[in-house]
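Novice: In our numbering, the protein residues as written are 2 to 41. Cβ coordinates follow ideal geometry from the N, Cα and C atoms, glycine included. Once you've had a glance at the structure underneath, I'll fire off some questions.
Here you go:
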């Protein structure tokens, strides 16, 4: 029913937000690494 659809949508949104957070963290790590390489 509608409730289950809403639950699924919530889960998908939470998963995509978690994924976005991980991607952001990775991007920051890569940025830091590249900066260190350039500075070296």
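#1: Is residue 9 helix, strand or coil when you go by DSSP?
#2: Does DSSP put residue 2 in a helix, in a strand, or in coil?
#3: Helix, strand or coil: how does DSSP classify residue 40 here?
Specialist: This is what the structure gives:
#1: helix
#2: coil
#3: helix
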